[in-house]
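Asks: Residue numbers (this note's numbering), protein chains in the order written: chain A, 5 to 608; chain B, 5 to 608.
Shown below is the structure under consideration.
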């Protein structure tokens, strides 16, 4: 199949248009300002001196790269001379300080020029990968090729050092990224050298031709425990993992490599059937920011890094391009509406690195235990997530359509128009929908007939008996409209009982959205709320937050908070009152200050 | 009040007689054999050489001491020449290797003789304290005073170094114990020097006259954060804490120190109202083996060291000697039947150091996280608990009776006879009971009239309106019998909802006994069981384990264990079956191999 890029897809209205507006009006500036404050752009000039604030870091180039890439996607649709000038200046600085031999890493070249390509954990190929993605995007959407020229020269160096002369201290990078960037570079330029390089880095992983230590010491941390084709479970640092898997899927697609595709499918299945939160978040622990084991999905201690959610979308979208299976679109939808969208404040100015699934009462947190942060920040010491969020949202149109010879596949529902080439003609598809508030979607086709396949979401009972591989097939003549109605059912969802800590609990969902309770709406000690599984919920709207809400009856345990309240008492003395519990979408949590939060609630 | 020592109290039959038989027939040998195997007794000869197995440790003398003390208590009732000869030999070795100046610590004197009394964390005063307790017990119950002579000489050294010349690197010990041993020595010998020393060590704690670092660095770890009279919460290493509090209560009693008593009462209240498991276990975390904060009582990760449970009994018994308040007897009972008795296997040969409150499915345990052990062991590297268990059980009669001028207080119910001096005469009290299987207790008095006060347990609804400070007062004429009936109600008990993880759950209890579910009886995934709070339970008996059981109906979620079972599914698709759930006493868990275990179960 062929993916329809976002440059051909305009999101015109509704839920995601609002998100894209926030990115271009707020987030891109917020990230710029904080990166500027913290010296990330200045560092490109390589003039930091001991005693100055903001000592540069070896992965800062990647932060800059993702900001440039985000801006490039915005510029495709919306000119912004002010920010483009900033990006041009950054690129000038990169070009000016690129080493004679092509090397780029403003930290390593300045601080550790004697250690280039000696330490697998120094993120050198990772930053080069991100700069390569930025270069492609900036060239494609602005027409300016200065950064692309730099990266071509830099990648020539990488080719010589790693592929041709095997001259580095390591064979594959500690943090994957360059692999998918090289696949993208091959797709963009058609130069087979980049494909050779991508294959090289993917195929050599896990072969241990040279020391492949990564910190923490376990080879699983950097997915180096086995050759990639023998890997069957998602292991180690979750972001590294999904970046690798994305590249594996890219190469499976490009090379028609069935063995690699099988590995991708097996790993994807392991993630979504055993190692993924209901929000689409992945990575259960802060220790190594990693996957742990099947069904280990702790709520309070969830790590679920924003970048990992984004990587899972990337991985799913690559598989979606290969096989017709609504699972991929379902997962992309799940992540988009939940574990991805929770990454930022509603105003788009601050971001989560981790995304907890439950925030317990502050009083129950123990000293000297590391809990996930509970409020979003504008910048982090390791601030990989914010520009990752902006670049995904700015290019969101990438995830709506694919085509094969005769069919247009519609994977996501957003008010939009798209120009799609198929069968030698260009058709225009216009989606109108209030999704996800409402499941009605109309899709109008002009410019020719089209054979359309629309994803029927897994949560939806409509059309179930009419689907093939999860898609409903519709023939639309030129000018015709398909009127779809994906019934937005509100229901509790339970976790597999092997998820030990969710037994007896459930998460409230409506369509693709996972909801949560916050203390600010429901008072403290959220766990004292108990719900009947068949509770009827009323759809509402919180105009302060600008989100839909669900309100329903619950039993709330009456808490004696007096200082001499007994520590243990007869269960028959537990008293409950009937209250109205108000749920908000999970993605909207932590927008009103510190508050308890719970996704999984007690079911009686 | 005056405490009636166990030498005047014979436990003659029933539940606790069986436990005492196990100690004298099995545990005392098991501990001896493992201590012997691991070189603990040999180390007293101070002849270990590099390359030999079993390098001695600086607190091993305390293990030996508690074994000797345990044996002394057994010898009071039951001659055992074989073990007494072993003890005599140990004592000979201690005496032979005691330093000229009186110092005793077979490790320090041999390995680090240049570092004596320089390191607060070397447990030197702790081991001297335990040897002192052993010396008193051995003299009292065998008439042999060799060890007592050694310890008097050793304590003279301690007096000179610490009290008189302030010549050590620290003022108070890192691990408390010597304080309560000195109080005991004062009570035994009447020598006011020992009282002066006890006061010295207690009063100087928290004054920071010299560096009082203890590892981990927090001064709370060793209760050195505040002067003891200003302490209001139980803090730090739980065993150290309760040993200190016990000594504080001893001194409050001996000195009539109301301020110290108030501190003891405040701390005791903090423990039992905010920081104690329903089993009477204390110490919520393995990090520092410590108390954490109010209402932090995690089940799976509970630390609840056996020695801490024992220390809590000691602390409560000291307060019971001061004030008429059934709370103290209630807590002693709770600990005895649950968090203390769980410390050993039913056959008495192996022991827990930690006592988990829940054992999750093995599959849900994450690599590189430290969980409590799930099966008892015969010996540990740090094997403080096993001989602590034997000495408490062998002297269990200590906890039954106290007297004031005109009243005999009966705190615990065990078939027993006791000779009690009161009002110038000696009365004999004979208890007959099948407690805790049955709440009927008859107490017969001979040798004179007696004014008797019997504790009405907190869990019992009988007699509630006739009690004063929790005691029922009965006048018994010579030869009369009081027939009591403490109704053994089976009920679920809930935790205060501030205990976040127990919300919506409850623990099944019958009389003083807390019950638990084990996988071996109820299948895996115990959390999938749900109970109505008013479930009727049938009392049974498990003849293999030799324990009472409670069986009642529960709903058990039907688990799809197939490899492709969904990770999340509609709660309405959860299926339950009605099953009979079998509970056993908590103290009997982990006697049938690895098994999930749960005290707190889901209540619907």
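Glycine included, C-beta positions come from ideal geometry on N, C-alpha and C.
Under the assumption that residue 129 of chain A contacts residue 155 of chain A (Cβ atoms under 8 angstroms), give the Cβ distance between them as a whole number of angstroms.
Replies: Between residue 155 of chain A and residue 129 of chain A the Cβ distance is about 12 angstroms, and since that is not below 8 angstroms, they are no contact.
Asks: Kindly say whether residue 102 of chain B, judged by its beta-carbon, lies nearer than 8 angstroms to any beta-carbon of chain A.
Replies: no
Asks: Whole alpha helix (DSSP H) runs in the stretch 53 to 94 of chain B with 4 or more residues, listed along the chain?
Replies: 64 to 81
Asks: Quick check: what's the CA-CA separation for residue 292 of chain B versus residue 608 of chain B?
Replies: 36 angstroms
Asks: Nearest chain B C-beta to residue 602 of chain A closer than 8 angstroms, yes or no?
Replies: no
Asks: Candidates A/215, A/448, A/248: which alpha carbon is nearest residue 202 of chain A's?
Replies: A/248
Asks: Run the CB neighbour count on residue 409 of chain A, radius 10 Å, all protein chains shown included, and call it buried at 16 or more, exposed below.
Replies: exposed
Asks: In chain order, what residues of the stretch 298 to 309 of chain B put their CB closer than 8 angstroms to some CB of chain A?
Replies: Answer set for the stretch 298 to 309 of chain B: 298, 299, 300.
Asks: Out of B/375, B/390, B/374, which has the shortest C-alpha to C-alpha gap to residue 381 of chain B?
Replies: Closest by alpha carbon: B/390.
Asks: With 9 angstroms as the C-beta to C-beta threshold (strictly closer), list the residues of the stretch 372 to 383 of chain A near chain B in chain order.
Replies: For the stretch 372 to 383 of chain A, the beta-carbon criterion of a distance under 9 angstroms to any beta-carbon of chain B is satisfied by 372, 373.
Asks: Under 7 angstroms Cβ to Cβ from residue 71 of chain A, same chain only, skipping five residues before and after it: list those, please.
Replies: Shown here for residue 71 of chain A: same chain residues with a beta carbon closer than 7 angstroms to its own, the five before and five after excluded, namely 35, 36, 39, 391 in chain order.
Asks: Step through the CB atoms of chain A and report whether any lies within less than 8 angstroms of the CB of residue 568 of chain B.
Replies: Yes, residue 568 of chain B counts as interfacial toward chain A.
Asks: Taking only three categories from DSSP, how would you classify residue 343 of chain A?
Replies: Of the three classes helix, strand and coil, the one that applies to residue 343 of chain A here is helix, per DSSP.
Asks: When Cβ atoms are compared, which residues of the stretch 566 to 596 of chain A fall closer than 9 angstroms to chain B?
Replies: 567, 568, 569, 570, 571, 572, 573, 574, 575, 576, 577, 578
Asks: Listing by chain order, which chain B residues have their CB less than 7 angstroms from the CB of residue 364 of chain A?
Replies: 504
Asks: Check distances from the C-beta atoms of the stretch 479 to 504 of chain A to those of chain B and list, in chain order, the residues that come in under 8 angstroms.
Replies: Those residues of the stretch 479 to 504 of chain A that come within reach of chain B (Cβ to Cβ, closer than 8 angstroms) are 495, 496, 497, 498, 499, 500, 501, 502, 503, 504.
Asks: Mind checking if residue 277 of chain A is an interface residue toward chain B, Cβ cutoff 8 angstroms exclusive?
Replies: yes
Asks: Pick from B/250, B/242, B/269: whose alpha carbon is nearest that of residue 285 of chain B?
Replies: B/242
Asks: Taking 8 angstroms as the threshold (C-beta atoms), are residue 442 of chain A and residue 492 of chain A in contact?
Replies: yes
Asks: Output the boundary residues of the alpha helix (DSSP H) element that contains residue 205 of chain B.
Replies: 196 to 208
Asks: Cβ closer than 8 angstroms: which chain A residues qualify as neighbours of residue 240 of chain B?
Replies: Result: empty, since nearest Cβ-Cβ is about 12 angstroms, beyond 8 angstroms.
Asks: For residue 227 of chain B, would you say it is in contact with chain A, using Cβ-to-Cβ distances shorter than 8 angstroms as the test?
Replies: No, residue 227 of chain B lies away from the interface with chain A (no Cβ there is under 8 angstroms from its Cβ).
Asks: How many angstroms separate the CA atom of residue 497 of chain A from the CA atom of residue 566 of chain B?
Replies: 19 angstroms
Asks: Would the beta-carbon of residue 500 of chain B fall within 8 angstroms of that of residue 586 of chain B?
Replies: no
Asks: If distances are taken between C-alpha atoms only, which option among B/513, B/81, B/336, B/387 comes closest to residue 309 of chain B?
Replies: It is B/387.
Asks: Please say whether residue 258 of chain B and residue 199 of chain B have beta carbons closer to each other than 8 angstroms?
Replies: yes
Asks: If you measure from the beta carbon of residue 236 of chain B to each beta carbon in chain A, is any gap under 8 angstroms?
Replies: no
Asks: Could you tell me the distance, in whole angstroms, from the CA atom of residue 469 of chain A to the CA atom of residue 276 of chain A?
Replies: Residue 469 of chain A and residue 276 of chain A have their C-alpha atoms some 24 angstroms from each other.
Asks: Can you tell me which of B/296, B/394, B/404 puts its alpha carbon nearest to the alpha carbon of residue 320 of chain B?
Replies: With distances taken between CA atoms, residue 320 of chain B lies nearest to B/404 out of B/296, B/394, B/404.
Asks: Between residue 460 of chain A and residue 448 of chain A, is the Cβ-Cβ spacing less than 8 angstroms?
Replies: no
Asks: Name the two residues that bound the continuous beta strand (DSSP E) containing residue 480 of chain A.
Replies: 475 to 480
Asks: So with CB distances below 8 angstroms, who are the chain B contacts of residue 623 of chain A?
Replies: For residue 623 of chain A there is no data in the structure shown, the boundaries of chain A being 5 and 608.
Asks: Can you name the residues of chain A whose CB is closer than 7 angstroms to the CB of residue 510 of chain B?
Replies: 575
Asks: Buried or exposed: residue 428 of chain A, going by 16 or more other Cβ atoms within 10 Å of its Cβ?
Replies: exposed
Asks: Can the beta-carbon of residue 359 of chain A be found closer than 8 angstroms to that of residue 347 of chain A?
Replies: yes
Asks: Please identify the residue among B/280, B/123, B/440, B/495 whose C-alpha is closest to the C-alpha of residue 489 of chain B.
Replies: B/440
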